[in-house]
Amino acid sequence: LQQASVSINVKEVEPIPAVAVASPYLVLDRWRVSPFSSNKIDANVEVAAYDQNTWQSIRPSQLQTFADGNYAVYRTTFKPYATQRINGGKIVFKAITGKAEIWIDKKLVFNKTTAATEDVVVDFPASTNTDRVISVLIETDKGSKAGLGGLITVKAFDE
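So for the sequence shown, our numbering puts the first residue at -6; every next one is plus one.
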């Protein structure tokens, strides 16, 4: 074998444009709301599996008029992505109107004490449960509009 050398001309070039990898998030858009009540409702009240009439289906971003009472419970069940199950995550509520208690898996995680419209972010811990249940008890003046007024998303902690 003989020694050899090769000369390669190198030019400066602009880096190839790239987009950061986006973390997936869940949109929680299928909720049920309890009948309105004048008395405070247990946010974790069990709903019969066959109950298709008492709790109405709603989508967030449309406030309800509390014509028949001051209280209502909003509830949904969701399956976090694997990384959210392992590491936990956060739930971002846009535009909650009315006083609110937020419960995750029957544990109170946040208490909103003002009726003003606010965005709320709550953390949820890691869990081996594949199904997580969120219940939001809303309190407002009778005849007022209140509820889940905006988009609700589940994200990883690093977002």
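Cβ coordinates follow ideal geometry from the N, Cα and C atoms, glycine included.
Open item on the list: Three or more C-beta pairs under 8 Å: does that hold for the segment 43 to 51 against the segment 84 to 91?
Closed with: no
Open item on the list: My assumption, with CB atoms under 8 Å, is that V147 sits in contact with L21. Please give the rounded CB distance.
Closed with: Counting from one through the sequence shown, the residue named residue 147 turns up at place 154. Counting from one through the sequence shown, the residue named residue 21 turns up at place 28. About 6 Å; that satisfies the 8 Å criterion.
Open item on the list: Excluding the 5 residues flanking T110 on each side, which residues of the same chain have their C-beta closer than 8 Å to its C-beta?
Closed with: The residue labelled residue 110 in the question sits at position 117 within the sequence shown. Same-chain partners within the cutoff: A88, I89, T90, G142.
TODO: Taking Y18 as the reference, give the member of Y74, W24, I9, G140 with the closest Cα.
DONE: The count along the sequence shown starts at 1 and reaches residue 18 at position 25. The shortest Cα separation from Y18 among Y74, W24, I9, G140 belongs to Y74.
Open item on the list: For A65, which residues in the same chain have their Cβ closer than 6 Å to its Cβ, ignoring the five residues on either side in sequence?
Closed with: In the sequence shown, counting from the first residue as 1, residue 65 sits at position 72. Taken in chain order, the residues that qualify are V26, S27, F29, I131.
Task: According to DSSP, residues forming a beta bridge with T90 - done: For the purposes of this step, residue 90 is taken as residue 97 along the sequence shown, with counting starting at 1. Per DSSP, G140.
TODO: Measure from the alpha carbon of I84 to the alpha carbon of each residue in K4, I145, P8, I1, then state which is nearest.
DONE: Against the sequence shown, residue 84 aligns to sequence position 91. Of the listed residues, the one whose Cα sits closest to I84 is I145.
Task: Residues bridged to I127 (per DSSP) - done: The residue you call residue 127 lines up with position 134 of the sequence shown. DSSP, once it has assigned bridges, lists T69, I97 as partnering I127.
TODO: Just list the beta strand (DSSP E) runs in the segment 5 to 54, keeping only unbroken ones of 3 residues or longer that don't cross its boundaries, in chain order.
DONE: 24 to 26, 49 to 51
Open item on the list: Just to check my reading of the structure: K99 and N32 have Cβ atoms closer than 8 Å, yes? What is that Cβ distance to the nearest angstrom?
Closed with: Numbered from 1 along the sequence shown, position 106 holds the residue referred to as residue 99. Numbered from 1 along the sequence shown, position 39 holds the residue referred to as residue 32. So it is not a contact: roughly 20 Å between Cβ atoms.
Open item on the list: Out of I95, N63, F150, which one is the CA nearest neighbour of F86?
Closed with: The residue you call residue 86 lines up with position 93 of the sequence shown. Out of I95, N63, F150, I95 has the C-alpha closest to the C-alpha of F86.
TODO: Could you tell me which residues DSSP puts in a beta bridge with D61?
DONE: Taking the sequence shown and counting its residues from 1, one reaches residue 61 at position 68. Answer is none; D61 lacks a bridge partner.
TODO: Give the range of the alpha helix (DSSP H) segment to which T76 is assigned.
DONE: Your numbering for residue 76 matches position 83 in the sequence shown. T76 -> alpha helix (DSSP H) spans 75 to 80.
Task: Enclosing beta strand (DSSP E) for T146 [first to last residue] - done: One-based indexing of the sequence shown puts residue 146 at position 153. Taken as a continuous stretch (DSSP letters only), the beta strand (DSSP E) holding T146 covers 145 to 148.
TODO: Would you please state the rounded distance, in angstroms, between the beta carbons of V129 and Y67? I believe it to be under 8 Å.
DONE: The residue given as residue 129 occupies position 136 in the sequence shown. The residue given as residue 67 occupies position 74 in the sequence shown. So it is a contact: roughly 4 Å between Cβ atoms.
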